[in-house]
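The numbering of the sequence shown is the working numbering, which starts it at 2 and goes up by one. Here a beta-carbon is modelled for each residue, glycine too, at the ideal position from N, C-alpha and C. Structure record follows, encoded as structure tokens.
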Amino acid sequence: MKLRIVSIVAGLTLIAAGVTVSGSYSAPRQYYSGWNKSPKHSYYYREYYYKPADDYAGYKHQYVMYYPEKPKHYYYYNPYQKTYWGRCPVQTNGKGQYSELAEKDRKASLSDIPEEAFPAPGAMPHVPGAIDGVAMDLPPDNLPPEGSPAEAP
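Here you go:
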């Protein structure tokens, strides 16, 4: 009988510990969704979700666009400002690389941005709106299902 009571108490302790652990879970600061294909156009897109601060409730988002006819880069689109604001290479070998457009070069249509407007890649920019200096994560290294890898330079 005593052994049974000890087992029950131990089991309840584990359950309580499990509740405590799951109750202390914190959501990731940033993450990317899987790929989606535009039903009306030739591009693919994924959402980039982020919190401007650790204590921000919910998420903001941007779009990462992949154009098969421009297979070497992912392009970032800001839906709040309705402009493209930069790009990163598809193949980075795990090294953060980003070309952030100057404000004057940010346009609603990628075709309105000349190639020479993109500066040489530098470090990943800060999470949009963040004041704590946290850098954006690279997108996952998987191409859309029908995408083909860009040729190495």
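- About 6 Å separates the Cβ atoms of residue 137 and residue 126, confirming a contact at the 8 Å cut-off.
- One thing to note: residue 30 has its Cβ no nearer than 8 Å to the Cβ of residue 37.
- Between residue 99 and residue 124, the beta carbon gap of about 7 Å places them in contact (Cβ cut-off 8 Å).
- The bridge partners DSSP lists for residue 84 are 79.
- Only residues of its own chain outside the window of five on either side were considered, and among them 50 have a CB closer than 7 Å to the CB of residue 32, listed in chain order.
- Within the model, the alpha-carbon separation for residue 101 versus residue 87 is close to 4 Å.
- In chain order, 73, 74, 98 and 122 place their CB closer than 7 Å to the CB of residue 90, counting only its own chain and leaving out the 5 sequence neighbours on each side.
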